[in-house]
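Enquirer: Numbering (my numbering), first residue to last: 925 to 1132.
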Amino acid sequence: TRQKENDMTELNGIEYLRRKLDMKKSRVQLRYKYYEMKNSFVDMGISTPPNLKNWKSVLGWCGKAVDSLSDRLIFREFMDDNFDLNEIFQMNNPDTLFDSAVLSALVSSCCFIYISADKDGFPRLQVIDGGSATGIIDPITGLLTEGYAVLEVDKDKKPTLEAYFVPGRTDYYRAGKKEAESILNSAPYPLLVPIIYRPDAVRPFGHS
925 TRQKENDMTE LNGIEYLRRK LDMKKSRVQL RYKYYEMKNS FVDMGISTPP
975 NLKNWKSVLG WCGKAVDSLS DRLIFREFMD DNFDLNEIFQ MNNPDTLFDS
1025 AVLSALVSSC CFIYISADKD GFPRLQVIDG GSATGIIDPI TGLLTEGYAV
1075 LEVDKDKKPT LEAYFVPGRT DYYRAGKKEA ESILNSAPYP LLVPIIYRPD
1125 AVRPFGHS
């Protein structure tokens, strides 16, 4: 019990993770603009003829590079499945879940799988992009020690439902309510699992 209390006191808390996400969000959004070919190329006026000075162009190879890598990664099943993971995967829209996670990780270097329970207690899996979630990673396991995610936003993109993840518990914060709703679980790690592309010792959350 004392060890568990010490572990909880070492957590950074939801406010810290909110600030961390705010610092990273703009970079993730910029990467998505490159992927979606919505980030206009800045013309330095060096070699463009005067009659083309109003020409607008974007980089097209970014999206093609990401798509070519994503199309090569095909998930089929878990081998030596002792925990019925394949059944859970099949019940959570397998046609798009894995492809969405891989594509998001390639674009933003990291995405997350949010795990919750449906009304019958069966695990639900949802992909959350790197601009809507963050956390503190354990360099040994590659899992989070605590995490934060924006689950719902209003028409102005302001969070209306947030979640704070710690081992054994998920706290839900809804806009307009002072107290959080806590849901307990038996997992030894937070129910927010990172999917990381090319992590290393310097950048544990990977490279885009």
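We put the CB at the ideal spot given by N, CA and C, even for glycine.
The model shown is predicted, which means the values in this text are computed figures rather than measured ones.
#1: Between 934, 1092 and 1051, which has its C-alpha nearest residue 1119's C-alpha?
#2: Does the stretch 1064 to 1075 touch the stretch 1083 to 1090, meaning 3 or more C-beta pairs lie closer than 8 Å?
#3: Less than 8 Å between the C-beta atoms of residue 955 and residue 1056, yes or no?
#4: Whether or not the stretch 933 to 953 and the stretch 1017 to 1025 are in contact is what I'm after, with contact meaning three or more pairs of Cβ atoms, one per stretch, closer than 8 Å; do they touch?
#5: Assuming residue 1115 and residue 1028 are in contact, meaning their beta carbons sit under 8 Å apart, how far apart are those beta carbons, in whole angstroms?
#6: Buried or exposed for residue 945, going by 16 or more other Cβ atoms inside 10 Å?
#7: Would residue 1121 and residue 1021 qualify as a contact pair, given that the criterion is a beta-carbon distance under 8 Å?
#8: Buried or exposed: residue 1130, going by 16 or more other Cβ atoms within 10 Å of its Cβ?
#9: Looking at residue 1117: is its Cβ nearer than 8 Å to the Cβ of residue 1002?
#10: So within the stretch 975 to 1049, which uninterrupted beta strand (DSSP E) runs reach at least 3 residues, ignoring any that extend past its ends?
#11: I'd like to check one pair, residue 1093 with residue 1110: are the Cβ atoms closer than 8 Å?
#12: When the Cα atoms are used, what is the spatial distance from residue 1126 to residue 973?
#13: Within this structure, are the beta carbons of residue 1059 and residue 1068 separated by less than 8 Å?
#14: Could you tell me how far apart the beta carbons of residue 960 and residue 987 are, in whole angstroms, since I believe they sit closer than 8 Å?
#15: For residue 1061, I'd like the list of residues in its chain whose CB is within less than 8 Å of its CB, leaving aside the five on either flank, ordered along the chain.
#16: Would you list the one or two residues that DSSP bridges to residue 1060?
#17: What's the gap between the Cα of residue 1053 and the Cα of residue 953?
Expert: This is what the structure holds:
#1: The alpha carbon of residue 1119 has as its nearest neighbour, out of 934, 1092 and 1051, the alpha carbon of 1051.
#2: The count of Cβ pairs closer than 8 Å, one atom from the stretch 1083 to 1090 and one from the stretch 1064 to 1075, reaches three, so the stretches are in contact.
#3: No, they are not a contact pair.
#4: No, the stretch 1017 to 1025 is not in contact with the stretch 933 to 953.
#5: With a contact defined as Cβ atoms closer than 8 Å, residue 1115 and residue 1028 miss out at about 18 Å.
#6: Classification of residue 945: buried, given that the 10 Å Cβ count is 16 or more.
#7: Their beta carbons are not under 8 Å apart, which means residue 1121 does not touch residue 1021 by this criterion.
#8: So residue 1130 counts as buried.
#9: No, they are not a contact pair.
#10: Runs of the beta strand (DSSP E) inside the stretch 975 to 1049: 1034 to 1041.
#11: Cβ atoms of residue 1110 and residue 1093: not closer than 8 Å.
#12: Whole-angstrom Cα-Cα distance: 44 Å.
#13: Taking 8 Å as the cut-off, the Cβ atoms of residue 1059 and residue 1068 count as close.
#14: The pair is a contact, with the Cβ atoms about 7 Å apart (cut-off 8 Å).
#15: The beta carbon of residue 1061 sits closer than 8 Å to those of 1067, 1068, 1069, 1118, 1128 and 1129, all from its chain and outside the five residues before and after it, given in chain order.
#16: Under the DSSP definition of a beta bridge, residue 1060 partners with 1070.
#17: Computed Cα separation, rounded: 10 Å.
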